[in-house]
Structures are given as C-alpha cells and as structure tokens.
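With UniProt numbering, letter number 96 in the sequence shown gets 96, and the count goes up by one each step, no holes.
First comes the structure, then the notes that go with it.
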Amino acid sequence: MKSIEFPVLNVRMLPLNKLEANDYNPNRMAAPELKLLKISIEEDGFTQPIVAYYNAERDVYEIVDGFHRYLCARDYFHLDEVPVTVIDKPIEERIASTIRHNRARGTHQIVDMSHIVCSLSARGWDDTRICTYLGMELDEVIRLKQISGLRDAFAGHVFSRSWEEFERRLEAEEQARDKAKEPGAEKP
1 MKSIEFPVLN VRMLPLNKLE ANDYNPNRMA APELKLLKIS IEEDGFTQPI
51 VAYYNAERDV YEIVDGFHRY LCARDYFHLD EVPVTVIDKP IEERIASTIR
101 HNRARGTHQI VDMSHIVCSL SARGWDDTRI CTYLGMELDE VIRLKQISGL
151 RDAFAGHVFS RSWEEFERRL EAEEQARDKA KEPGAEKP
C-alpha cells in the first residue's frame with residue numbers, strides 16, 4: 001500500500017498576488033454556491049487551504065484546488081495573504097488532482113472535461129488510468145473522448161486488421177462477379 005502524505009501540515013501564508021488560476025479547471029460555481037462559500041468563510045474562516053503548484057520559471061503559484069476560495073479572498077474580502085498548501089507534481093498529475101478535488105463539488109463543463117480527457121490521453125494515459133485517477137467509469141471516458149472528435153481521441157489506438165481481410169474477400173467476390181459477366185464466360 002502506498003504511504004499517505006500530509007501536505008496539509010505544511011500550510012503557509014502566501015501573498016494573494018502570487019497566485020493565479022490554472023487553465024484547465026472545468027469546475028464552475030453558480031452564484032448561490034459562491035455566495036454560500038463567501039458566508040462560510042465569513043462565519044468559519046479559511047478552514048481549507050488553497051492547493052497550488054509553484055512555477056519557479058514564472059515565480060507564481062498555480063492553483064490546483066481552491067480557485068473559488070481564492071476568488072472570495074480577492075473579490076469579497078480583499079485579503080493580502082491566504083493559506084496555501086504547495087504540491088510538486090507534473091502537469092498531468094495536477095490536472096488529475098484538480099478533477100479529483102472538484103468531482104464532488106460544483107459542476108464540470110462537458111466540453112472542458114472532454115478536452116482534459118483527450119489531453120491526458122495524448123500525454124500517454126490509457127483509459128484505465130484516466131478512469132482510476134479521475135473517478136470515472138469507462139463509458140464516461142469514451143463519451144468524453146467522442147465529444148472532442150473520434151479521430152483525435154483514438155489517434156493512438158491500435159485497431160485489429162480484420163477490415164483488411166474483409167476488403168480482400170469483398171474484392172475477390174467482385175472480381176468473380178465481373179468475370180462471370182464477361183462475354184464467353186457463360187455456359188451453353
């Protein structure tokens with residue numbers, strides 16, 4: 001069994017202006033839920049830190065989870081700092097982490113989810129891994145791939161060659177029919 005890490009124990013206060021949204025989060029929150037989150041933070045404080053990845057090249061923290069808490073901190077409370085847990089994972093694992101964090105909250109836009117599934121597939125993730133890491137059923141993954149286009153979604157898939165045998169037999173049958181129609185091919 002994999003050992004469980006506790007990055008939540010390494011919460012640090014970071015300047016709000018060092019945080020930015022990621023470009024792959026398909027989660028949307030309706031106005032009533034955002035208002036409820038605002039009330040929750042007013043009444044209970046920040047009970048969950050924002051989860052972010054530090055991009056050293058750009059010297060910013062890319063939000064993996066907690067974008068709406070970030071919006072509340074910025075737009076409603078005008079905070080200078082927020083609690084952040086920093087994780088260090090490659091982009092495809094951060095995408096999967098964002099989806100896992102959000103699956104039980106908010107709603108995912110179908111087209112955005114489709115792009116994410118196809119993106120992970122293009123990065124070498126097979127359907128089983130996508131199902132496991134995003135908490136999806138196989139039929140859901142396949143449907144999401146279809147939305148972005150079958151050609152792109154299944155570009156790396158290895159298909160059987162049974163169609164070649166079918167074409168060969170069909171061509172042989174057509175040639176035999178054509179030959180039977182030729183003059184002199186008829187029996188007296």
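Built from N, CA and C at the ideal position, the CB exists for glycine as well.
No experiment lies behind these values; they were computed from the predicted model shown.
If you compare alpha carbons, which of 83, 96, 40 and 31 is closest to residue 10?
The shortest C-alpha separation from residue 10 is found at 83.
Just tell me which of 173, 135 and 72 has its CA closest to the CA of residue 39.
Nearest Cα to residue 39 within the set 173, 135 and 72: 72.
Hey, which unbroken runs of the alpha helix (DSSP H) at 4 residues or more fall wholly within the stretch 112-147?
Within the stretch 112-147, complete alpha helix (DSSP H) segments of at least 4 residues are found at 127-134 and 138-147, given in chain order.
Going by DSSP in three states, residue 110 sits in which element: helix, strand or coil?
In the three-state reduction of the DSSP assignment, residue 110 falls in the helix class.
When you compare the stretch 11-31 with the stretch 58-76, are there three or more beta-carbon pairs, one atom per stretch, that lie closer than 8 Å?
The answer is yes - the stretch 58-76 touches the stretch 11-31, with three or more Cβ pairs under 8 Å.
Taking only three categories from DSSP, how would you classify residue 12?
Reduced to three states, the DSSP call for residue 12 is strand.
May I ask which residues mark the beginning and end of the alpha helix (DSSP H) holding residue 81?
No alpha helix (DSSP H) holds residue 81; the beta strand (DSSP E) holding it covers 81-87.
Which runs of the beta strand (DSSP E), 3 residues or longer, sit entirely within the stretch 43-74?
Complete beta strand (DSSP E) runs here, min 3: 50-55 and 60-65.
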